[in-house]
Every structure is written in C-alpha cells, then in structure tokens.
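Down below is the structure, laid out as structure tokens.
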Amino acid sequence: MSNDASLLIIACGALAHEITALIEANRWQHVSIQCLPAELHNRPEEIPGAVQAKLNETGKQFDQIFMAYADCGTGGMLDKLLEAEGIERLPGAHCYEFFAGTDRFAQLHERELGTFYLTDFLVRHFDRLVIQGLGLDRYPELHEQYFENYHRFVYLSQGDSADLLERARGAAAQLGLEFEHVVTGYGQLEESLIRVAAPTV
0 MSNDASLLII ACGALAHEIT ALIEANRWQH VSIQCLPAEL HNRPEEIPGA
50 VQAKLNETGK QFDQIFMAYA DCGTGGMLDK LLEAEGIERL PGAHCYEFFA
100 GTDRFAQLHE RELGTFYLTD FLVRHFDRLV IQGLGLDRYP ELHEQYFENY
150 HRFVYLSQGD SADLLERARG AAAQLGLEFE HVVTGYGQLE ESLIRVAAPT
200 V
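Listed below in structure tokens is the structure:
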C-alpha cells in the first residue's frame, strides 16, 4: 500500500490535528484527510454507518483509503465493514492504545484498572466532551455515579504544551482523581501513516 498514488485518510475528528501535522511535516501532497465528528464516540454504534456513508460519498475518487480509527467501541462492527471493503485501519481498541503503544498501554491498564484517560484533544475539549457531554454541568450529583470506580487520571500527551499539561492537572483535580502524565508522542498513529503514506523511492 506504500506508494505515491492518491490516498484518502478517513479519520476521527479527534485525530485531525495530529494527522494534519504529519501530512504537512512529511509533505505528503498525495494524501487527503476527511474527518467524521469526534462526538460519534458517545454513540459508537453509529460509527460503522457514518463510515459507510463517507465511503459511499467518496466513491472511487482516490486510489487508496486508510481508516484512522481503532475499533473505538464498535464491538468489531467497524472491522466487519472494513474487511468487506478491503480497507486497513489503525491498530488497537482505541486511540489511547495506539498513542501509547499496545504493550505500554497494557502495562498502564494492568497497574490500575480504574483509570480515566485523556489525550491532547480531550484535554482541549474537556468541558464540552466530558463535563457537558456527561451532563455534569447540569447534574453534578452524577459525578459519583460516573467516577466511583475511577482512581487515576492519565494524560497521554502527543505534544509538549505546558498549557495543556496545566489544564489536564486541573481536569484531574476537578474529577477528584490522582494525576499522572505519560508522554506518548504520536505513537502507532505516526508509524501506521508513514507505512501507508510514504511514497516509495
């Protein structure tokens, strides 16, 4: 799949910043990106249908298509669709895994099962996606119900923003969770895109 034919990356909107940065840094002029709303993660059963609609819309405009999604809570339904279409996706169950790397994420998970993970995107949009998304702004009494089994807050950072780090600490304090910072960079997202997008010499 590694060649200079036109490549479309259909991505979760939560990855738009990182994928665009990789496209620009590597000068992949043959690569395009189209994003689906990140909010679909609140309704993962709708992800396969949204992906199928995007594929239908795209038609045969590109030589290759790569799916910048993990399983993302679809219970294998996204894989079933992609297998039928002959399209590859990112490795792992979710973005936390492909950013941290499968082995490293497994170690984090085993160390504390009750962990709430956030990426750069989720820290940037913490109030909208977590506080408002879970209704905690309207019903603060739901906090205990949602987070009673969580003990640790792990910020998986893709960049080195001091502002995001401070905001992540504040988010952990707001949720009453122990804070931990793990620098991941782009992890397997970068590895996967270089493999599929880098033109052959």
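When you line the sequence shown up against numbering that gives the first Met the number 0, it's residues 0 to 200, in that order.
Built from N, CA and C at the ideal position, the CB exists for glycine as well.
Asked                                                                                                                                                            : Found
Just the Cα atoms here: how many angstroms apart are L170 and D62?                                                                                               : Residue 170 is actually Ala in this sequence, not Leu. Going from the Cα of A170 to the Cα of D62 covers about 43 Å.
Who are the near neighbours of I86 in its chain, counting only those whose CB is closer than 6 Å to its CB and skipping five residues on each side?              : I64 and M66
Considering only residues of the same chain and omitting the five flanking positions on each side of P47, which have a CB-CB separation below 7 Å?               : T73, M76, L77 and L80
Could you compute how far the alpha carbon of A99 sits from the alpha carbon of C34?                                                                             : 22 Å
By the 10 Å Cβ neighbour count, where 16 or more other Cβ atoms means buried, how is G91 classified, buried or exposed?                                          : buried
Between the C-alpha atoms of F97 and E84, what's the straight-line distance to the nearest angstrom?                                                             : 22 Å
Take every Cβ of the region 105 to 115, pair it with every Cβ of the region 183 to 191, and state whether three or more of those distances are shorter than 8 Å. : no
Within 10 Å of its beta-carbon, does Q157 have 16 or more other beta-carbons around it, so buried, or fewer, so exposed?                                         : buried
Just reading off the beta strand (DSSP E) that E177 is part of, what are its end residues?                                                                       : E177 to V182
Helix, strand or coil for R110? Go by DSSP, reduced to three states.                                                                                             : helix
Rounded C-beta distance between A167 and W27? I'm assuming under 8 Å.                                                                                            : That belief does not hold up - the Cβ atoms of A167 and W27 are roughly 30 Å apart, past 8 Å.
One question on the structure: do D159 and H16 come within less than 9 Å of each other, judged by their Cβ atoms?                                                : no
Looking at H124 and L135, is the spacing between their C-beta atoms short of 9 Å?                                                                                : no
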